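My numbering puts the sequence shown at residues 38 to 564.
The block underneath contains the structure these notes are about, expressed in structure tokens.
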Amino acid sequence: MNHIILIALVVLISPFARSQSSTYVSSVDKELTISKWTLYPLVDNLDGIYSRPLQAELQSLMSADPEFEVVPPAGTKKVAPEEFEEKRELAAQFMKESKADSFIAGRIARGPSGISIRLALFSGAQGYPLAIETRSDIQSYDIADLKEELRRVYRTVKSKIPYRATILSRRGQTVTFNLGKSSGLREGQDIDSIQVTKIQRHPRFHFLVGTEKEIMGKIRVTKVDEKISFGSITSERAEGQLQPGSKITFDEFVKYPGAATLKDGSTVGGLTGRPDADVAFGDNPREWTPVAPPSFGKVGLLLGMGSYSISNNLSASGSVSARSSFVPSFHVEGEMWLSANWFMGLELHQYVAKMDNGLSGSSPGALEVQTLETELVGGYNVLVSEEFWGPKLQLMAGISQMDSKIEDSTPTAFTSMKYGGLALGLAGSIPLGDQLQLPVTVGGKFMYYWSPSLSEAPSSSGSSSSNRISTFSVFGEWQTGPRIGLRGELSFRQYNTTFSGTGSRFDSATSAAHSLTTLAGGVLFLF
38 MNHIILIALV
48 VLISPFARSQ
58 SSTYVSSVDK
68 ELTISKWTLY
78 PLVDNLDGIY
88 SRPLQAELQS
98 LMSADPEFEV
108 VPPAGTKKVA
118 PEEFEEKREL
128 AAQFMKESKA
138 DSFIAGRIAR
148 GPSGISIRLA
158 LFSGAQGYPL
168 AIETRSDIQS
178 YDIADLKEEL
188 RRVYRTVKSK
198 IPYRATILSR
208 RGQTVTFNLG
218 KSSGLREGQD
228 IDSIQVTKIQ
238 RHPRFHFLVG
248 TEKEIMGKIR
258 VTKVDEKISF
268 GSITSERAEG
278 QLQPGSKITF
288 DEFVKYPGAA
298 TLKDGSTVGG
308 LTGRPDADVA
318 FGDNPREWTP
328 VAPPSFGKVG
338 LLLGMGSYSI
348 SNNLSASGSV
358 SARSSFVPSF
368 HVEGEMWLSA
378 NWFMGLELHQ
388 YVAKMDNGLS
398 GSSPGALEVQ
408 TLETELVGGY
418 NVLVSEEFWG
428 PKLQLMAGIS
438 QMDSKIEDST
448 PTAFTSMKYG
458 GLALGLAGSI
468 PLGDQLQLPV
478 TVGGKFMYYW
488 SPSLSEAPSS
498 SGSSSSNRIS
508 TFSVFGEWQT
518 GPRIGLRGEL
528 SFRQYNTTFS
538 GTGSRFDSAT
548 SAAHSLTTLA
558 GGVLFLF
């Protein structure tokens with residue numbers, strides 16, 4: 038009797054154990070599973086004129102989709118949509134409070150170049166963005182047109198979800214899933230059940246840029262309703278592999294109308310076979326694909342020409358000065374975007390000059406001067422129109438150094454000087470696209486240096502010094518392509534020092550100054 042009971046238990050448990058072992062789901066796949074989603078209230082910069090009607094439209098679009106259940110948003114903490122991208126814990130908290138697996142947040146902004154619509158889809162327990170899509174420079178301000186643009190952005194965001202539906206139930210080989218005629222499904226179609234095994238995210242913004250999937254089984258569609266369908270499993274990797282929650286996807290192919298026929302029954306050939314095909318397509322035609330907008334930063338390489346003057350006021354010899362009106366320079370100006378608001382900046386300016394020795398009786402008569410300016414700052418973008426490419430103010434803080442190496446002379450006319458210290462800055466820029474019908478941006482930058490230090494070589498001009506540094510520049514940028522442009526800049530730089538006490542040089546100085554005026558231009562690369 039005991040043997041009979043044991044055999045019966047083995048018979049009952051074995052299929053269950055096989056089913057359990059064959060339905061393993063990867064942690065990556067679980068992270069991307071969406072069954073319920075919600076909408077975080079849209080915002081705009083016009084007191085809800087656009088956000089209210091577009092939010093109602095977006096809510097309607099989400100409710101009309103059969104794939105996911107829409108739940109109301111919860112939580113009392115109000116944050117800007119961009120904060121969800123920068124602080125994933127806020128996104129995770131909002132989903133937890135709303136009891137949702139995913140949510141959409143977005144902003145509508147009106148700026149000088151038109152309307153922009155930005156939607157971001159978040160999912161998973163860690164609060165990562167799954168997709169981010171922006172449509173900019175919309176010229177129409179009509180609500181109906183903006184709703185149509187919103188529908189396009191929504192469809193693009195939703196298409197980034199790496200599956201189309203999930204299995205709702207299974208009985209034997211028959212399954213039901215939440216796709217229907219509205220999704221383009223048809224009877225007799227073969228679809229795949231997949232499992233996501235690996236994902237690739239953007240290195241800085243963390244949205245999904247690629248996935249690796251494995252086909253776990255195949256299903257033939259047997260009946261299609263408007264929002265739900267039935268199918269029969271034709272194959273699966275292991276018995277019981279496809280279960281409720283398994284993901285489904287299928288390919289939608291481009292459909293063409295039938296070939297046109299002439300009176301004699303012959304068909305009209307394709308456009309590429311026509312004699313004027315080269316006029317229509319050109320040489321080596323290729324499919325057009327949009328270029329992704331720059332998202333990492335920009336680097337400018339500029340060559341300049343300007344004037345450089347140096348002056349000293351010596352205790353015994355009086356005023357001594359040197360000047361060159363043709364000073365070539367090379368400039369590297371880079372900016373790395375940590376987010377839409379935060380950035381890092383690095384600038385290098387190299388000047389080379391040869392000047393007459395202004396001190397009577399000093400040799401050599403001509404002095405070589407090499408000056409390197411280095412600036413490393415962190416900053417915050419104040420977006421005037423909530424659009425990254427629109428008008429903005431930049432607040433900056435960092436460190437700066439100016440190292441001017443001057444050829445020594447006998448007696449000493451000028452000492453090599455190195456300034457350094459904390460730099461605080463304010464910059465601003467505004468695009469002129471609407472006014473000029475060209476992608477041109479103009480702006481300016483002012484830097485203030487807090488209590489800069491000074492060191493001299495080979496001797497000192499005084500026992501102590503008081504230093505003042507001021508720099509100002511105006512610039513213009515013309516973006517000639519999606520990732521390349523031209524930049525021109527006019528800069529003014531002034532370094533002033535007042536000495537007190539007696540220095541180690543033969544003739545101590547009471548003051549010193551370096552003055553640079555430079556006009557530079559070059560190429561701007563965006564990444």
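For each residue, glycine too, the CB sits at the ideal point set by N, CA and C.
Fair warning: this is a prediction, and the values are worked out from it, not measured in the lab.
Between residue 350 and residue 378 a beta carbon distance of about 46 Å is seen, past the 8 Å cut, so the two are scored as non-contacting. Nearest to residue 558 by C-alpha distance, out of 515, 128, 538, 547, is 515. With respect to residue 367, residue 340 sits close: the two C-beta atoms are nearer than 8 Å. The segment 145–226 is shown to contain whole beta strand (DSSP E) runs of 3 or more residues at 151–160, 165–175, 202–208, 211–214, in chain order. Distance from residue 456 to residue 484 at the Cβ level is roughly 12 Å; contact not present, criterion being Cβ atoms closer than 8 Å. Residue state for residue 330 is assigned as coil, using DSSP reduced to three classes. Across the set 83, 536, 69, 131, the C-alpha of 69 shows the shortest separation from the C-alpha of residue 235. DSSP, reduced to helix, strand and coil, places residue 260 within a strand of the structure shown.
Contact check for residue 230 and residue 285: beta-carbon distance about 6 Å, within the 8 Å limit, so the pair qualifies. Taking all protein chains shown into account, residue 447 has fewer than 16 neighbouring C-beta atoms within 10 Å of its C-beta and is therefore exposed. In the structure shown, residue 451 adopts coil according to DSSP, grouped into three states. Contact annotation: residue 199 and residue 255 have beta-carbon atoms that are not nearer than 8 Å. Counted as a single uninterrupted DSSP element, the stretch harbouring residue 479 is not any alpha helix (DSSP H) but the beta strand (DSSP E) occupying residues 477–494.
The C-beta distance from residue 479 to residue 513 rounds to 5 Å, short enough to meet the 8 Å contact threshold. Apart from the 5 residues on each side of it in sequence, residue 461 sits with its Cβ closer than 8 Å to the Cβ of 433, 434, 484, 485, 486, 487 in its chain, given in chain order. Taken through DSSP and simplified to helix, strand or coil, residue 96 comes out as helix. Counting along the chain, the unbroken alpha helix (DSSP H) around residue 127 starts and ends at 125–135. Boundaries of the beta strand (DSSP E) around residue 441: 429–443.
Between residue 364 and residue 344, the beta carbon gap of about 6 Å places them in contact (Cβ cut-off 8 Å). When C-beta atoms of the segment 141–155 are compared with those of the segment 397–404, fewer than three pairs fall below 8 Å, so the two segments do not count as touching. Excluding sequence positions up to five before and after residue 129, its CB lies within less than 7 Å of the CB of 162, 163, 164, all in the same chain and listed in chain order.
In the DSSP assignment, residue 514 falls within the beta strand (DSSP E) that extends over 501–518. Under a 10 Å Cβ-count criterion, residue 494 is classified as exposed, with fewer than 16 other Cβ atoms of the shown protein chains found around its own Cβ.
The beta carbon of residue 517 lies closer than 7 Å to those of 523 in the same chain, with the five residues before and after it left out.
Going by DSSP, residue 66 is part of the alpha helix (DSSP H) stretching over 64–68. In the DSSP assignment, residue 355 falls within the unbroken beta strand (DSSP E) covering 355–374.
Annotation: residue 539 is outside any beta strand (DSSP E) and is labelled neither H nor E by DSSP. Residue 537 sits away from residue 497, with the two beta carbons spaced by 8 Å or more. Of all C-beta pairs linking the segment 92–110 to the segment 164–176, fewer than three are shorter than 8 Å, placing the two stretches out of contact.
If you draw a 10 Å sphere on the C-beta of residue 160, you find 16 or more other C-beta atoms in it, and that means buried. For the options 233, 521, 510, 539, the alpha carbon positioned closest to that of residue 527 is the one of 510.
Of the candidates 502, 481, 223, the residue whose Cα lies closest to the Cα of residue 525 is 481. Approximately 11 Å separates the beta-carbon atoms of residue 442 and residue 387; this is outside 8 Å, ruling out the contact.
With fewer than 16 other Cβ atoms from the protein chains shown falling within 10 Å of its own Cβ, residue 543 counts as exposed. By DSSP's assignment, residue 249 forms a beta bridge with 235. Proximity to residue 534 across 463, 555, 556, 451 peaks at 451, based on C-alpha coordinates.
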